[in-house]
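In terms of this note's numbering, the sequence shown has 97 at position 67, counting the first letter as 1, and numbering is strictly consecutive.
The beta carbon of each residue, even a glycine, is placed where N, CA and C say it ideally should be.
Since we're looking at a predicted model, the values are computed, not measured.
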Amino acid sequence: MTRGALIAIEGLDRTGKSTQTEILINTLKQQGKPVELIKFPDRTTQIGQLINKYLTDKQFQLSDQSAHLLFSANRWELVEKINKLLTQGVTVLLDRYVYSGVAYSAAKGLNFQWCLNPDLGLPKPDVVLFLKFKDDGNMKRDGFGDERYEVDEFQKKVKVMFERFDGDDNWRNLYVDGKGIEEVEEEVWTHVVKYSDGLDSDVQLFK
Ligand code: FDM
Ligand code: MG
């Protein structure tokens, strides 16, 4: 039975993830391929609303560990939905996922493996597109600086943590420096096209 592909788009803030996921969704839809977008954090659930408060209200205090576990819990809230869609042959596009979860928390000084532990058992993406600036170009983009983590020094630490996943066989670096939306879009497609009709293999889990 062919299942849908699980595709994650990752990156620092203001690297174009949401723009590219939206384009990719449209491309797949135009080809008549069933696809669903899931954005993490999903701020609409009960846990998601708490996360939203944490991100937007700097007075709202949570320990780093508690915040981390909420982000993970937010993924576990949606795992049933993700698995069901994949089984139905729907391509699931994730705008941020486990990798953001680990990178942002580990950048605060929490142990990397400790950060990954609560996500063990979640479905592992078939492919991860990591939108990446060679320098700190994301921090110069409009809109940067509004939320809790949008601070230059912190973003640099997050980048280092993201890069610890580089080398995983599903990881694809996609450099966006100086590129227009369409150029990035084409590159995204070259990485995704082979998954666009689904896969016959079982979905892997984080372990
Ligand atoms: N973020 C996102 C985390 O710290 N942990 C997570 O598990 C996830 C999914 O939340 F700064 C951070 C990353 C970002 C913030 O994300 C909100 P969006 O994509 O800007 O909404
Ligand atoms: Mg953001």
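* Asked: What's the gap between the Cα of Pro148 and the Cα of Ile55?
  -> Mapped onto the sequence shown, residue 148 falls at position 118. Mapped onto the sequence shown, residue 55 falls at position 25. Near 29 Å, if we compare the C-alpha coordinates of Ile55 and Pro148.
* Among Ile211, Asp43, Phe163, Pro153, the one whose alpha carbon lies nearest that of Asn200 -> What you label residue 200 is simply residue 170 of the sequence shown in a count that begins at 1. With distances taken between Cα atoms, Asn200 lies closest to Pro153.
* Starting from Glu197 and walking both ways along the alpha helix (DSSP H), at which residues does that stretch end? -> Within the sequence shown, the letter at position 167 stands for residue 197. Before going on, a small fix: residue 197 reads as Gly here, not Glu. Where Gly197 is concerned, there is no enclosing alpha helix (DSSP H), given that its DSSP letter is neither H nor E.
* Validate contact between the stretch 178-194 and the stretch 131-144 using beta carbons, cut 8 Å, 3 pairs -> By the Cβ test, the stretch 178-194 is in contact with the stretch 131-144, since at least three Cβ pairs between them sit closer than 8 Å.
* Asked: Residue range of the alpha helix (DSSP H) that Leu85 falls in?
  -> Looking up residue 85 in the sequence shown gives position 55. Annotation for Leu85: the continuous alpha helix (DSSP H) segment containing it runs 76-86.
* Apart from the five residues just before and just after Lys88, which ones in its own chain have a Cβ nearer than 7 Å to its Cβ? -> Reading the sequence shown from its first residue, position 58 is the one you call residue 88. Contacts found: Arg178.
* For Gly41, does the three-state DSSP call read helix, strand or coil? -> Within the sequence shown, residue 41 is the residue found at index 11, counting from 1. In this structure, Gly41 counts as strand in the three-state DSSP scheme.
* Asked: Alpha carbon to alpha carbon, what distance is there between Val181 and Met169?
  -> Within the sequence shown, residue 169 is the residue found at index 139, counting from 1. Within the sequence shown, residue 181 is the residue found at index 151, counting from 1. Approximately 8 Å, taken between the alpha carbons.
* Asked: How is the beta strand (DSSP E) around Thr32 delimited, first residue to last?
  -> Here residue 32 corresponds to residue number 2 of the sequence shown, with the count starting at 1. Where Thr32 is concerned, there is no enclosing beta strand (DSSP E), given that its DSSP letter is neither H nor E.
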